[in-house]
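K.L.:
According to the numbering used here, the sequence shown is numbered sequentially starting from 102. Here's a structure for you.
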Amino acid sequence: MAAAAAAAAAAPPADPPDSSPAASSPPRPSPEELVARAVAPVKPAFLRPPPVRDAPKDEGKANDGGAVVAEKKSKRQLKRERKQEQKSSSHLCIEVGKSGNVSSCKYGDSCRFSHDIDAYLAQKPADLEGTCPFTNLDQLCPYGLTCRFLGTHKDIHAASGNLSEKHEINALNKDIQKLLWKNKYKFPKASAQIKLLGLKEVIKSKPDAANDDKKVNHDNLDGNDDENKEPLCNPPVNAECDSTLCEELDRSEGEPLIDNSIPCVEPRPTKKSKVESDEIDKHGAGTLNTNTESEDPNLSNGLEPSNNASSCRTDLITTPHLREKKIIDFREKLYLAPLTTVGNLPFRRLCKTLGADITCGEMAMCTNLLQGQASEWALLRRHSSEDLFGVQICGAYPDTVARTVELVDNECSVDFIDINMGCPIDIVVNKGAGSSLLTKPMRIKSIVQAASTVTEKPLTVKVRTAFFEGRNRADSIVSDIYDWGASAITVHGRSRQQRYSKLADWDYIYQCAQKAPDQLHVVGNGDVFSFTDWNKHVSGCSKISTCMIARGALIKPWIFTEVKEQRHWDITSGERFNILKDFVSFGLEHWGSDSKGVETTRYFLLEWLSYTCRYIPVGLLDVIPQRLNWRPPSYCGRDDLETLMISDSSADWIRISEMLLGKVPEGFTFTPKHKSNAYDRAENG
């Protein structure tokens with residue numbers, strides 16, 4: 102805390118200015134008038150003139166905090182610099198750093214990283230204040246010599262913990278990733294459901310060889326020898342068709358297959374097709390044609406093909422009815438919304454300690470998950486403290502979403518799966534996903550029907566009121582979505598056009614809830630920023646199960662404590678600083694305690710601080726509670742640390758990070774990623 106006190110002492114003075122108004126100054130508006138104008142009614146004793154910030158002396162475009170934006174470099178230049186850095190002593194081999202033994206690296210002298218331990222330790226930055234997070238867990242630090250808390254490591258024989266002990270699950274298995282890369286992962290349930298619904302199977306894979314083509318033609322049981330017709334399935338090379346079963350299927354031509362058998366379809370190719378899905382014929386969607394292909398059942402589990410495959414069809418457990426699925430009771434549980442960038446695992450873990458009941462991972466794109474992208478799979482990670490956890494996926498087509506749901510259901514431990522149909526981001530909307538689906542209700546129906554039947558876990562959907570403002574249509578979806586297979590629906594009370602501007606329309610959310618069937622959980626979302634907001638919205642309509650808390654949790658994650666204890670917490674700067682310390686500790690445990698992990702933790706801490714600066718302490722307000730749309734005047738805190746925390750300058754956010762993670766690297770810059778951390782500006786809709 103010595104460094105924290107020293108940094109806080111350098112902050113702007115916290116002494117409140119003289120509150121006596123000058124004779125010539127206009128009278129100050131009353132708190133009620135300020136609230137009507139969406140201005141935060143800060144007590145006059147804490148008001149101060151806006152700070153004057155000097156323009157940066159260095160060349161380059163400066164951001165709001167005065168930091169210089171670095172010049173962009175080409176990919177080739179970055180790659181060349183990265184290779185040069187790897188050869189330097191600053192990049193120690195991972196295996197050598199972990200064990201402290203040069204001979205531990207299996208690549209030996211051919212390793213592209215440095216093995217010079219003495220040179221690395223000579224140039225390594227000084228250790229940070231505090232204790233290694235893995236030492237606190239009584240575990241061996243997996244980062245060894247590269248840890249920035251090396252001096253606090255216990256003797257290797259004294260530590261009783263296990264190096265391989267993990268508190269996080271849902272990591273991407275390397276074998277599964279290779280299958281996804283090679284487009285060999287099988288999705289029998291999703292493929293079957295797409296056909297059952299009468300939708301086009303637009304996902305086809307190219308045959309591997311001419312021999313495979315001949316075998317597929319031989320196994321084509323409907324007798325159609327048209328070479329231009331693309332087969333439904335390419336069986337594995339080592340698999341042999343059971344001729345007896347094929348003859349039986351030939352004799353039964355024209356009869357539907359049994360309910361728990363499906364034809365096999367190859368997985369999705371790398372390039373995505375944009376063919377529109379056909380509509381569903383309710384009277385004719387219950388039967389399949391008699392075309393079946395040879396398939397190794399091991400492939401449906403993502404395993405290697407077996408040499409003794411002997412079946413021409415894949416048996417599948419009959420899909421359970423919605424009422425037979427596991428039910429999650431959302432009623433009056435504190436639900437932390439899936440939050441892009443800031444809603445990472447350490448932040449969710451922090452919210453769990455502050456009282457959150459339900460957590461959900463960041464939105465993951467279906468196509469990226471199906472391609473085995475490690476960065477996208479990292480969004481599905483789950484900590485052991487998240488006892489009620491879901492993942493959120495986003496896709497534009499029924500086959501894509503259904504395959505992703507089946508993949509997540511097979512490879513991850515989750516309690517529910519949420520489909521995002523309300524994301525307003527342009528790059529998502531332009532691909533036909535997110536809130537763009539609100540303009541295609543029949544596409545929504547196909548997606549929910551296809552996805553809900555490939556998993557026994559509850560399927561939930563998140564939507565906005567509409568795509569265009571004034572053309573609300575979420576109520577027309579709510580009345581039918583339970584019959585399509587959804588267990589719950591979250592309604593964000595804004596349109597896509599609004600983004601995050603204006604207040605959420607809770608009257609319309611209540612209207613949607615009234616149209617929902619009794620079995621469907623309806624979750625409201627928008628502008629929940631205090632326990633009074635939560636109480637008001639939950640009690641405002643008997644059919645509202647709970648409220649999802651999003652930006653309110655970003656700005657003050659202790660809102661979960663306030664709701665559970667039913668009080669306005671006038672939290673001190675010291676208590677807020679301890680919460681930041683907990684986040685940093687969780688971040689170092691998740692991203693690593695080496696230099697790279699420290700800087701990754703710093704980045705996400707700064708992203709979070711760009712939201713927390715909007716919190717106005719309860720003791721500084723004439724009217725409580727604070728509302729999300731209030732614009733604060735220029736004011737100071739009750740002490741230097743509180744004044745530093747309420748600053749909207751990125752330079753001050755960096756100073757707070759230095760109090761927790763040491764000095765930033767030379768040339769460090771930071772600009773917030775999201776526009777939604779600002780107030781209601783024009784670019785927000």
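Just so you know, even glycine gets a beta-carbon here, dropped at the ideal spot from N, CA and C.
#1: Leaving aside the five residues before and after C242 along the sequence, list all residues of the same chain whose C-beta is less than 7 Å from its C-beta, in chain order.
#2: Got a sec? Which residues, its chain only, sit under 7 Å from Y609 by beta carbon, not counting five neighbours each side?
#3: CB L300 to CB S547, shorter than 8 Å?
#4: Does the Cβ of R504 have 16 or more other Cβ atoms within 10 Å, making it buried, or fewer, making it exposed?
#5: Give every residue of the same chain whose Cβ lies closer than 6 Å to the Cβ of N626, excluding the five residues on either side of it in the sequence, and list them in chain order.
#6: The beta strand (DSSP E) that contains E196, what's its start and end?
#7: Taking the alpha-carbon positions, what's the L722 to P142 distance?
#8: Hey, which unbroken runs of the beta strand (DSSP E) at 3 residues or more fall wholly within the segment 510-581?
#9: How should D753 be labelled, buried or exposed, when 16 other C-beta atoms within 10 angstroms of its C-beta is the threshold for buried?
#10: Beta-carbon separation of L437 and G462 under 8 Å?
#11: Just the C-alpha distance for I747 and T701, rounded to the nearest angstrom, thanks.
#12: Kindly identify the DSSP beta-bridge partner or partners of F490.
#13: Could you check which residue in F490, T556 and L179 has the C-alpha nearest to that of P289?
#14: If you reduce the DSSP assignment to three classes, tell me which class G720 lands in.
#15: Looking at the structure shown, is G625 part of a helix, part of a strand, or coil, going by DSSP?
#16: What residue range does the alpha helix (DSSP H) around A614 cover?
#17: Under 8 Å between the Cβ atoms of G201 and G245?
#18: Rounded to a whole number of angstroms, what is the C-alpha to C-alpha distance between G653 and V197?
#19: Using the Cα positions of C613 and D576, report the straight-line distance between them to the nearest angstrom.
#20: Do R482 and N636 have their C-beta atoms within less than 8 Å of each other?
#21: I'd like the list of long-range same chain contacts for P150, defined as Cβ closer than 7 Å, with 5 residues on each side in sequence excluded.
#22: Just the Cα atoms here: how many angstroms apart are P152 and F568?
#23: Where D581 and I660 are concerned, what is the direct C-alpha to C-alpha distance, given to the nearest angstrom?
#24: Taking the beta carbon of W282 as the centre, do at least 16 other beta carbons fall within 10 Å, making it buried, or is it exposed?
#25: To the nearest angstrom, how far is it from the Cα of K774 to the Cα of E708?
#26: Which residues in the same chain have their Cβ closer than 6 Å to the Cβ of C206, if we skip the five residues on either side of it in sequence?
#27: So the beta strand (DSSP E) H593 belongs to, where does it begin and stop?
#28: Can you find the residues in the same chain that come closer than 8 Å, C-beta to C-beta, to S588, ignoring five residues on each side of it along the sequence?
#29: Assign D671 to buried or exposed, taking buried as 16 or more other Cβ atoms, counted over all protein chains shown, within 10 Å of its Cβ.
#30: Quick check: the Cα distance between V699 and Q472, rounded to an integer number of angstroms?
#31: Quick check on H484: does DSSP put it in helix, strand or coil?
#32: Can you give the Cα-Cα distance for N469 and W692, rounded to whole angstroms?
#33: Under 7 Å: does the beta carbon of C737 sit that close to some heavy atom of the ligand SAM?
#34: CB-CB under 6 Å to W585, same chain, minus the five flanking residues each way: which ones, in chain order?
#35: Please determine, among S596, G523, L681 and P618, the residue with the shortest C-alpha to C-alpha distance to Y583.
#36: Can you look up T803 in the DSSP assignment and give me helix, strand or coil?
P.N.:
Straight from the coordinates:
#1: C233, F235, T236, C248, H254 and S694
#2: T566, N573 and G594
#3: yes
#4: buried
#5: T591, H593 and M649
#6: It is not in any beta strand (DSSP E) - E196 instead sits in the alpha helix (DSSP H) that spans I195 to S200.
#7: 6 Å
#8: 517-522 and 560-565
#9: buried
#10: no
#11: 23 Å
#12: T460
#13: T556
#14: helix
#15: strand
#16: W607 to K616
#17: yes
#18: 45 Å
#19: 5 Å
#20: no
#21: S735
#22: 40 Å
#23: 33 Å
#24: exposed
#25: 7 Å
#26: C194, E196, V197 and C212
#27: A589 to H593
#28: L423, K426, I428, I429, F517, P559, L560, T561, L621 and H622
#29: exposed
#30: 29 Å
#31: strand
#32: 21 Å
#33: Here there are no bound small molecules, and the ligand SAM is not part of this structure.
#34: K546, V549 and Q550
#35: P618
#36: Nothing can be reported for residue 803: it is not among the residues displayed for the chain, which extend from 102 to 786.
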